[in-house]
Amino acid sequence: MIFWKKLIVYVFFVLVLASPVFINNYSGTKVSADNADAESFSLKQFGFYLQNVTENVGVNFIHQSPKLDSQLDHILPQIASMGASVSIVDFDQDGWNDFYLTNSQYGSKNALYHNQKDGTFKEVADLMGIADVNRKGTGVSMGAVWGDYDNDGFEDLFIYKWGEPSLFNNQQGKKFVKVTQDLNFPQWVNANTALWFDYNTDGLLDLFLGGYYPPEIDLWNLKTTRIMPESFEYANNGGRNYLFENQGNGKFIEIAEKTGLISTKWTLAAAAADLSGSGYPDLIIANDYGVDEYYVNLQGKGFKEIGSEAGLGFSPKSGMNVTFGDILNDGDLGIYITNITQEGVLLQGNNFWRKSESGNKVNYLNIARQRGIELGGWSYGAQFGDLNNDGSQDLYVANGFISAQKGTTYWYDYSKVTGGNKAIISDAKNWPDMKGRSQSGYQRNKIWLNDGAGFFQEVAELVGDNGTYDSRSITLVDLWNRGVLDIIVANQNNLPFVLKNTVNPQSNWIAFELSGTESNRSAIGAKVELQWNGKIQSQFIAGGLGFCSQNQRRIHFGLGNSSTINKATIYWPSGKIQVLNQPEIRKIHRIIEEI
0 MIFWKKLIVY VFFVLVLASP VFINNYSGTK VSADNADAES FSLKQFGFYL QNVTENVGVN
60 FIHQSPKLDS QLDHILPQIA SMGASVSIVD FDQDGWNDFY LTNSQYGSKN ALYHNQKDGT
120 FKEVADLMGI ADVNRKGTGV SMGAVWGDYD NDGFEDLFIY KWGEPSLFNN QQGKKFVKVT
180 QDLNFPQWVN ANTALWFDYN TDGLLDLFLG GYYPPEIDLW NLKTTRIMPE SFEYANNGGR
240 NYLFENQGNG KFIEIAEKTG LISTKWTLAA AAADLSGSGY PDLIIANDYG VDEYYVNLQG
300 KGFKEIGSEA GLGFSPKSGM NVTFGDILND GDLGIYITNI TQEGVLLQGN NFWRKSESGN
360 KVNYLNIARQ RGIELGGWSY GAQFGDLNND GSQDLYVANG FISAQKGTTY WYDYSKVTGG
420 NKAIISDAKN WPDMKGRSQS GYQRNKIWLN DGAGFFQEVA ELVGDNGTYD SRSITLVDLW
480 NRGVLDIIVA NQNNLPFVLK NTVNPQSNWI AFELSGTESN RSAIGAKVEL QWNGKIQSQF
540 IAGGLGFCSQ NQRRIHFGLG NSSTINKATI YWPSGKIQVL NQPEIRKIHR IIEEI
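Under numbering that gives the first Met the number 0, the first residue of the sequence shown is numbered 0, with each subsequent residue one higher.
Right, dumping it as structure tokens:
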């Protein structure tokens, strides 16, 4: 009875919030549903508007899921539910951002879209040698990250797979060559995340690779169907994680066990940043079917897991994504981890972990509910960025799992599995046939707008984002060098979204592109702290962030109506600090680390 009351209340609010009456009277402004200028309304009310320009700019890529062993056919949509990813790079160093999309079916090709500087993009992956990478025997792509591992000034490409990890060296922006010597990569990893970071700050980019299924499992040729998690809360039978230390001269050695990264949980996402203030990047890992992990960096000597001690790992959920945001403009990065929420069925909620110091002990408190960014849906990728250039970081969250037959749901049968014991859960043959049913499908993505005080309101449909695809990976990027953040969303089994952003022209901005000298050339791990109009906001350059994604290397700050900046302080991975006093606004500053 209680369930049905909740359901009726939920349906009522959905109908009210979606109705023209509500939209027409939003923020007290009368708008005609038939002839309103949506862009003018959005610019006036929220300071920005998004337009889906995917096909108009020359993007016709469609992601394809893998087809696996026939013993998994009854639950194939669940198993093959990932692989749509997007990462940003300026691969030829022409000053314009390009982007790379992965595909996940044997014979399908990945795509590299080269910015033509005229508002359009040209697909060049075949020409550059990084398209035909999904082949029988070598596995299929789950994602890709870019980093200049040899410090030659051009970003190299690492593709992680359910299969063979692959590194491609960038030949001065003219082509890519697969590296086969001295990598010490395993032959097969069922990976769903990777990132470049300089864990020991020696100026050479190292590589973290996160395993999901154990590496001995070949999902196309199963020797057993006992491949599923042993628990929905405390599963430890997932893939192992790897840390490849860059030795220079193109050589890597694997040191995960040596450095304390010995977990076998079901890793779905990871991100690195100096959260502890030691000068070395710490590592946050979001795990499916269990608790998340916080590995504090022991000054380049290894890692110590302190998740439970710090408050992050006390409650098992379905960790899907890790990203960082300074939502209060006080210079402190919070940790955002997405999970699964289905109204009336499962209420995990997304987490925003904010540091709270008590004496000498550091604790993290989850303030997602308080700030209005808790309830997404079946949430995958998420990124913070100032979408309307008002000086505060907003949040985009990708939602949706399996959009199959409308009006159907697999949740009841799914719940029967979750209540089983280890022997039942871990064997795929015990999972009920999906029979073409949806599971948390046809969900809308969320755009949560920061009010300037760190509280958020959801505005996606009102600013032009109204798709209901099964979204996975999202990136924020200034595609046309206009001083605004555009959005690219990779969707499972579908076209991506390229969302062109129009921002109120009165809102100012500033951006920074950094190049390391003593630090790694990509400047991954560098932090910029901007001070203006009584505010302090911190951002950093990531070598992989979110879910299967990587944002632009350029750091972008909105400034609102402020016309001057006090200073920008750059904290390089090498430990050097560089101060720019009153840098010019409305400009991309290209900064080389001082020697």
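Glycine included, C-beta positions come from ideal geometry on N, C-alpha and C. Since this is a predicted model, take the numbers as computed values, not measurements.
Query, Result
"Same chain only: Cβ atoms within 8 Å of GLY138, ignoring 5 sequence neighbours per side", "LYS160, TRP161, GLY162, GLU163 and TRP187"
"GLN347: first and last residue of the uninterrupted beta strand (DSSP E) it sits in", "Here GLN347 belongs to no beta strand (DSSP E), and DSSP marks it neither H nor E."
"Length of the line joining the Cα atoms of ARG589 and PHE302", "33 Å"
"DSSP bridge partner residues for ASP201 (one or two, in chain order)", "Paired residue(s): none; ASP201 is not in a bridge."
"When ILE129, ASN220, ALA272 and SER437 are compared against ASP197, the one with the closest alpha-carbon", "ALA272"
"Bridge partner(s) assigned by DSSP for ARG134", "GLY138"
"VAL88 and LYS499 closer than 7 Å at C-beta", "no"
"Straight-line Cα distance separating LEU111 from ALA541", "20 Å"
"Residues sharing a beta bridge with SER548, DSSP", "VAL85"
"Buried or exposed by the 16-neighbour rule on C-beta atoms within 10 Å, applied to PHE120", "buried"
"Helix, strand or coil at LEU42 [DSSP, three-state]", "helix"
"Ordered list of beta strand (DSSP E) runs contained in the segment 325-404, each at least 3 residues", "333-337, 350-357, 360-365, 378-384 and 393-398"
"Cβ-Cβ separation, TRP219 to ASP68 (assumed contact under 8 Å), whole Å", "6 Å"
"Neighbour-count burial assignment, GLU592, 16 or more Cβ in a 10 Å radius", "buried"
"For GLY574, three-class secondary structure by DSSP", "coil"
"CA-to-CA distance, SER262 to ALA427, given in whole angstroms", "23 Å"
"ASP287, enclosing beta strand (DSSP E) - first and last residue", "281-287"
"Distance CB(GLY371)-CB(PHE455) smaller than 7 Å", "yes"
"Minimum C-alpha distance to GLN382 - residue among TYR363, LEU332 and VAL361", "LEU332"
"ALA268 vs PHE546 beta-carbon contact at 7 Å", "yes"
"Contact set for ASN150: own chain, Cβ-Cβ below 7 Å, skip 5 residues either direction", "ASN519 and ARG520"
"Boundaries (first-last residue) of the beta strand (DSSP E) holding TYR294", "292-296"
"Among GLU457, PHE243 and PRO214, nearest to LYS264 - alpha-carbon criterion", "PRO214"
"DSSP state of SER307 mapped onto helix, strand, coil", "helix"
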